[in-house]
Ligand code: MG
């Protein structure tokens, strides 16, 4: 029985993780759940999966079954069992409990870093879906995981593909990683058309259904630059060892080239079920409900280089990786702020690149020695990006 602490249970990866658990009930047990604020969905999950512990960030619309005592809150389930409840913005950290074998970090945003760090500190296996943990916190998380012998299993489809090609050995020898990218919702637009792109256009991802920020990050390909950074941390790659190619069909999820020139690719119909399940069971493979590839009707698989004029954000984000230290953290923070402003119609699509470029230009180098420094640098970069956006009125066009 694999005992799971699932952080971010009501989000896209979270609900898909619960589907995997439901499908193989005999293999998995949910020992704790954590979510942001979707209380209704959250308490339904508690009824269904009966965790011992659960954590909710925003205590709104709590059901009557939640009781408060001097020792904290608890929820009396319809089966008569009791789930201990932690409430508050930092409650998710309480869901990383001693009973868990694996902590699924499917939280969205910067709070994921603290979760990954705590799980690493406790020597837990981490099934990682949160980007910030490695993009912003890579140096801290990897060092802590190494120190405590905490295993890290990637949930992202690309990193899972690489992991599979490496025989589930993150330290296996290879020559080069080839990351595939769909090119996002705007790949068929010309560079000069991008100034007129609306939030609606950018949210129309061709192959994957995901949240708002990550869909825009796919359109700018900032997401792919983040994946380059994550691959570098996970597989000890230098930037030159990672090549990104546009592959519009999203059938090849990534590839690894070895010393002899042989290339291993992992293919499949786009589905997060496979990477989620593998992160829990690898090297063992269990059945999934994922659609199967039909090669005879697939036709052509195509690959193309990433165009600089079309995806400026991708190259700016890679620049932050070269700079190292606090720069990836600053870039991530600025990107979150800029994407939010774009989704709210406050800035235009090309302005995202401007905010990122100027944030890097105005950020001073700070070595990330600990969690506190990282949190401080994240805050600083967010404030800077907000300032750039509000001062940009007139130069930044909505
Ligand atoms: Mg991905």
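Residue numbers (the numbering used here): 284 to 681. Glycine included, C-beta positions come from ideal geometry on N, C-alpha and C. No experiment lies behind these values; they were computed from the predicted model shown.
Original post:
Should residue 567 be listed as close to ligand 1, given that the test is whether its C-beta is under 7 Å from any heavy atom?
Top reply: no
Original post:
Does DSSP classify residue 300 as helix, strand or coil?
Top reply: helix
Original post:
How many Å lie between residue 383 and residue 653 at the Cα?
Top reply: Just so you know, the alpha carbons of residue 383 and residue 653 end up roughly 25 Å apart.
Original post:
In chain order, what residues place their C-beta within less than 7 Å of a heavy atom belonging to ligand 1?
Top reply: 439, 440, 441, 506, 510
**OP:** State yes or no: is the C-beta of residue 306 within less than 8 Å of the C-beta of residue 284?
**Re:** Their beta carbons are not under 8 Å apart, which means residue 306 does not touch residue 284 by this criterion.
**OP:** Consult DSSP for residue 633 and reduce its assignment to one of helix, strand or coil.
**Re:** Residue 633: helix per DSSP, three-state reduction.
**OP:** Using alpha carbons as the reference points, say which of 624, 527, 665 lies closest to residue 586.
**Re:** The candidate whose alpha carbon is nearest that of residue 586 is 527.
Original post:
With a CB to CB cut of under 7 Å and the five nearest residues on each side skipped, what residues in its chain are close to residue 520?
Top reply: 460, 514
Subject >> Cut-off 8 Å between Cβ atoms - residues of its own chain near residue 665, not counting five sequence neighbours on either side >> reply: 616, 617, 619, 620.
Original post:
Does the beta-carbon of residue 677 have 16 or more other beta-carbons within 10 angstroms, so that it is buried, or is it exposed?
Top reply: The pLDDT assigned to residue 677 is 44, lower than 50, so where the model puts this residue is not dependable; a value taken from the coordinates is nonetheless given after this. Under this definition residue 677 is an exposed residue.
Original post:
Around the C-beta of residue 546, are 16 or more other C-beta atoms found within 10 angstroms, so that it is buried, or is it exposed?
Top reply: Taking all protein chains shown into account, residue 546 has fewer than 16 neighbouring C-beta atoms within 10 Å of its C-beta and is therefore exposed.
Subject >> Contact belief for residue 402 with residue 388 at Cβ below 8 Å, rounded distance in angstroms >> reply: 7 Å
**OP:** Rounded to whole angstroms, what's the CA-CA distance from residue 627 to residue 452? Just pull it up for me.
**Re:** 42 Å
Original post:
The alpha helix (DSSP H) spanning residue 594 covers which residue range?
Top reply: No alpha helix (DSSP H) contains residue 594, which DSSP labels as neither H nor E.
Original post:
residue 427 and residue 400 look like a contact to me (Cβ under 8 Å); what is the Cβ gap, rounded to whole Å?
Top reply: 6 Å
Original post:
Which word fits residue 397, buried or exposed, when buried means at least 16 other C-beta atoms lie within 10 angstroms of its C-beta?
Top reply: Result: buried.
Original post:
Which one of 348, 604, 408, 640 has the shortest CA to CA distance from residue 525?
Top reply: 604
Original post:
Roughly how many angstroms lie between the CA atoms of residue 291 and residue 512, to the nearest whole one?
Top reply: Rounded to the nearest angstrom, the two C-alpha atoms are 22 Å apart.
Subject >> Three CB pairs or more closer than 8 Å across the region 439-446 and the region 467-474 >> reply: no
Original post:
What's the C-alpha gap between residue 559 and residue 674?
Top reply: 42 Å
**OP:** To the nearest angstrom, report how far apart residue 348 and residue 328 are at their CA atoms.
**Re:** The C-alpha of residue 348 lies about 14 Å from the C-alpha of residue 328.
**OP:** Measure the beta-carbon distance from residue 462 to residue 429 and round it to whole angstroms, keeping in mind my assumption that it falls under 8 Å.
**Re:** Not a contact, Cβ separation roughly 23 Å.
Original post:
With a Cβ-Cβ cutoff of 8 Å, do residue 335 and residue 366 count as a contact?
Top reply: yes
Original post:
Hey, quick one: how far does the alpha helix (DSSP H) through residue 408 stretch, first residue to last?
Top reply: Careful: residue 408 lies outside any alpha helix (DSSP H), inside the beta strand (DSSP E) at 408-411.
Original post:
Across which residues does DSSP place residue 526 in a beta bridge pair?
Top reply: 461
Original post:
How is residue 381 classed by DSSP in three states: helix, strand or coil?
Top reply: coil
**OP:** With a threshold of 16 other CB atoms inside 10 Å of the CB of residue 650, please say whether the residue is buried or exposed.
**Re:** The C-beta of residue 650 has fewer than 16 other C-beta atoms within 10 Å across all chains shown, which makes the residue exposed.
Subject >> Cβ-Cβ separation, residue 380 to residue 249 (assumed contact under 8 Å), whole Å >> reply: Residue 249 is absent from the structure shown; the chain starts at 284 and stops at 681.
**OP:** Consult DSSP for residue 437 and reduce its assignment to one of helix, strand or coil.
**Re:** Of the three classes helix, strand and coil, the one that applies to residue 437 here is strand, per DSSP.
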